[in-house]
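Residue numbers (our numbering): -6 to 263.
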Amino acid sequence: MENDAVVVDTNVLISYTMNKNGVSGQAVSLAMQNYTILQSNETFSEFVDVVNREKFDKYISDDVRNLNIDSLSKESNFIDVTHNTDICRDPKDNKFLDLAVSGNAKCILSGDKDLLDIKNYQGIDILSPANFLALERAQEKGAQNAAVPEIKAELSRRPDGEVIAAVINDQGVVDAQALQSRVTAKLLDEQHQGSGVNISAAASAIGTISTASLEGAQADIAASRQKLSNEIETVRAEAMVKVREEIQRMREQSVGQEQERGLWRDRDRD
């Protein structure tokens, strides 16, 4: 059976509960989205006990605690543990290894050095939240890249889709320079066709181009440049909005990480 479940240790679940935007929060959210979270009665009971400790009162309210306990209970798959090991330096952490083997888990998410130092147990990777995020995002990107040829082929079958498909690289990213060149060529082509005049034929017929024709051509080119400039400015403005949003997201994540470090310091003092 394909590994479609993961085990998340108590400390990572606590960090997720405190801050959904932190690294642990993002990792658990992604795990919940892509996999089933395994629980045993023992691991869940430990989470409930730890999250209700008084030292966390400054981070979360009772309502948030209860909401997270209820949500985790409903979204987890509770199984009977059939494996038993004593390999971990900290005996209290063996239950996560037992749970993972019993449920054929893909991996264990942990911030605990005692577990992380084991690295892999019976084919099950033990990953920090940051490493789990990196691996999952790399796999998603690889899957997206694999689909690019099919997407380009589909685009090519649509009206004007061939132009779009031609400027998408193998990573599914639009080549801005290629797009700009094609937009410029398309604009000029549309203007020449719209004029109803075959410029090459006209030049051959009269042997020269009048000043008025030159001025008209220059006006066409200027209009094309202005239109293209407006389109590029629109794209640039949209890109700046995305950049600002990303900067804000990174700031919020940085604040979340700082809160998470404070949480781990509190845990270590416990």
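Cβ atoms here follow ideal geometry from the backbone N, Cα and C, with glycine treated the same way. Computed from a predicted structure; not experimentally measured.
Q.
Rounded to whole angstroms, what is the Cα-Cα separation between residue 47 and residue 58?
A. Start at 1 with the first residue of the sequence shown, and residue 47 comes out as number 54. Start at 1 with the first residue of the sequence shown, and residue 58 comes out as number 65. Rounded to the nearest whole angstrom, the CA to CA distance from residue 47 to residue 58 is 12 Å.
**Q.** Beta-carbon contacts of residue 25 that lie in its chain and below 8 Å, excluding the five residues immediately before and after
**A.** In the sequence shown, counting from the first residue as 1, residue 25 sits at position 32. Around residue 25: 68.
Q | In DSSP terms, what residue 1 is bridged to | A | Here the question's residue 1 lines up with position 8 in the sequence shown. Partner(s): 102.
Q. What is the rounded straight-line gap between the Cα of residue 220 and the Cα of residue 240?
A. Your numbering for residue 220 matches position 227 in the sequence shown. Your numbering for residue 240 matches position 247 in the sequence shown. Spanning the two alpha carbons is a distance of roughly 30 Å.
Q: Measure the beta-carbon distance from residue 99 to residue -2 and round it to whole angstroms, keeping in mind my assumption that it falls under 8 Å.
A: Translated into the one-based positions of the sequence shown, residue 99 becomes position 106. Translated into the one-based positions of the sequence shown, residue -2 becomes position 5. Right, the Cβ-Cβ distance comes to about 7 Å (below 8 Å), so this counts as a contact.
Q. Do residue 78 and residue 95 have their CB atoms nearer than 8 Å?
A. Working through the sequence shown from its first residue, we reach residue 78 at position 85. Working through the sequence shown from its first residue, we reach residue 95 at position 102. In this structure, residue 95 does not lie closer than 8 Å to residue 78 by Cβ.
Q | Residues bridged to residue 31 [DSSP beta-bridge criterion] | A | Taking the sequence shown and counting its residues from 1, one reaches residue 31 at position 38. Its beta-bridge partners are 70.
Q.
Taking 7 Å as the cut-off, is the beta-carbon of residue 235 closer than that to any non-hydrogen atom of the ligand FMN?
A. Absence of the ligand FMN is noted for the structure shown, with no ligands found whatsoever.
Q | Reduced DSSP category for residue 113 - H, G, I as helix; E, B as strand; rest coil | A | The residue given as residue 113 occupies position 120 in the sequence shown. Looking at residue 113 - three-state DSSP - the assignment turns out to be strand.
Q: Determine the direct distance from the alpha carbon of residue 32 to that of residue 87, and round the result to whole angstroms.
A: Taking the sequence shown and counting its residues from 1, one reaches residue 87 at position 94. Taking the sequence shown and counting its residues from 1, one reaches residue 32 at position 39. Cα-Cα distance, rounded: 14 Å.
**Q.** Cβ shell of residue 1 (< 7 Å), same chain only, five flanking positions each side left out
**A.** For the purposes of this step, residue 1 is identified with residue 8 of the sequence shown, where counting begins at 1. Hits under 7 Å: 21, 24, 30 and 102.
Q. In this structure, does DSSP put residue 7 in helix, strand or coil?
A. Locating residue 7 in the sequence shown gives position 14, where the first residue counts as 1. It is helical.
Q. Which residues mark the beginning and the end of the alpha helix (DSSP H) in which residue 88 is found?
A. Here the question's residue 88 lines up with position 95 in the sequence shown. Note, residue 88: alpha helix (DSSP H), 87 to 95.
Q | Residues bridged to residue 119 (per DSSP) | A | Mapped onto the sequence shown, residue 119 falls at position 126. Looking at the DSSP assignment, residue 119 forms a beta bridge with 101.
Q: Please report the Cβ distance between residue 104 and residue 84, rounded to the nearest whole angstrom; I am assuming they are in contact, meaning their Cβ atoms lie under 8 Å.
A: Position 111 of the sequence shown, counted from the start, is the residue given in the question as residue 104. Position 91 of the sequence shown, counted from the start, is the residue given in the question as residue 84. Their Cβ separation, rounded to whole angstroms, is 18 Å, which puts residue 104 and residue 84 out of contact at 8 Å.
(Q) What does the alpha-carbon distance come out to for the pair residue 71 and residue 34? (A) Within the sequence shown, residue 71 is the residue found at index 78, counting from 1. Within the sequence shown, residue 34 is the residue found at index 41, counting from 1. In a straight line, the C-alpha of residue 71 is about 7 Å away from that of residue 34.
Q | Inter-residue CB distance, residue 7 and residue 44 (contact presumed, cutoff 8 Å) | A | To locate residue 7, count along the sequence shown from 1; it is residue 14. To locate residue 44, count along the sequence shown from 1; it is residue 51. Residue 7 to residue 44, Cβ: 6 Å. Contact.
Q. Looking at C-alpha atoms only, which residue of 63, 61, 18 and 11 is the closest neighbour of residue 51?
A. On the sequence shown, position 58 is the one that residue 51 refers to. It is 11 whose Cα lies nearest to the Cα of residue 51.
Q | Burial state of residue 18, where buried means 16 or more other Cβ atoms lie within 10 Å | A | The residue you call residue 18 lines up with position 25 of the sequence shown. Within a 10 Å sphere around the beta-carbon of residue 18 sit 16 or more other beta-carbons, which makes this residue buried.
Q. What runs of the alpha helix (DSSP H), each 4 residues or longer, lie entirely inside the stretch 13 to 62?
A. 16 to 27 and 34 to 44
Q: Would you kindly work out how many angstroms separate the C-alpha atoms of residue 73 and residue 91, rounded to a whole number?
A: Taking the first residue of the sequence shown as 1, we reach residue 73 at position 80. Taking the first residue of the sequence shown as 1, we reach residue 91 at position 98. One C-alpha to the other measures close to 10 Å.
Q. So, using beta-carbon positions, are residue 109 and residue 119 closer together than 8 Å?
A. The sequence position of residue 109 within the sequence shown is 116, counting from 1. The sequence position of residue 119 within the sequence shown is 126, counting from 1. Yes.
Q | Through-space distance from residue 238 to residue 89, alpha-carbon basis | A | For this step, residue 89 is matched to residue 96 along the sequence shown. For this step, residue 238 is matched to residue 245 along the sequence shown. Those two C-alpha atoms are separated by around 38 Å.
Q | Distance between residue 112 and residue 55 (C-alpha atoms, nearest Å) | A | Counting from 1 along the sequence shown, the entry for residue 55 is found at position 62. Counting from 1 along the sequence shown, the entry for residue 112 is found at position 119. Each residue's alpha carbon lies about 35 Å from the other.
Q. How many Å lie between residue 64 and residue 226 at the Cα?
A. Here residue 64 is taken as the residue at index 71 of the sequence shown, counted from 1. Here residue 226 is taken as the residue at index 233 of the sequence shown, counted from 1. Taking the straight line joining both Cα atoms gives about 45 Å.
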